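In the numbering used here, the protein residues as written are 123 to 228. Some notes on the structure that comes next.
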Amino acid sequence: MQGPSTHRKEMMLITLGMIMLGVSSRTWARSVMPAWMLLYGGDFLWAASVYGTLATMMGKASPRNLLALSMTLCLGVELSQLVSSPWLENGRSHTLLRFLLGQGFL
123 MQGPSTHRKE MMLITLGMIM LGVSSRTWAR SVMPAWMLLY GGDFLWAASV YGTLATMMGK
183 ASPRNLLALS MTLCLGVELS QLVSSPWLEN GRSHTLLRFL LGQGFL
């Protein structure tokens, strides 16, 4: 069985890089990043990582469809931050889920 195509491998590496930059913008790199990157960088990289993840998983999908799906997912996550049910807040107390679901509007 063949492995993923070169395009998918490249997209996966780019996406992993975006994820690492996004996590660092919210954790250890806060002292060295410019103010604009601290405000908007993590959110931008998170949304770009959603697109990159979908592009890696659905390699043959058109960029337009990938954009529409990633925007829908990002909007859903942003809207979920308006909900504060106990089970959702409990999920946000875990690091990985906090990065995936967000932790409110900063």
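Ideal Cβ placement from N, Cα and C applies to all residues, glycine included. Since this is a predicted model, take the numbers as computed values, not measurements.
Annotation for Leu160: no alpha helix (DSSP H) segment contains it, and DSSP assigns it neither H nor E. Annotation for Leu176: Leu188, Leu191, Ser192 place their beta carbon closer than 7 Å to its own, counting only its chain and skipping 5 residues before and after.
Restricting attention to Arg148, Asn212, Ser202, the CA atom closest to the CA of Leu161 is found in Arg148. Met159 and Ser206 have their C-alpha atoms some 27 Å from each other.
Within the region 154-228, the alpha helix (DSSP H) runs of at least 4 residues that lie entirely inside it are, in chain order, 164-179, 185-202, 208-214, 217-223. Straight across, the Cα-Cα distance linking Gly144 with Leu135 is about 14 Å.
The three-state secondary structure of Ser146, taken from DSSP, is helix. By the 16-neighbour rule on beta-carbons within 10 angstroms, Ala169 is buried.
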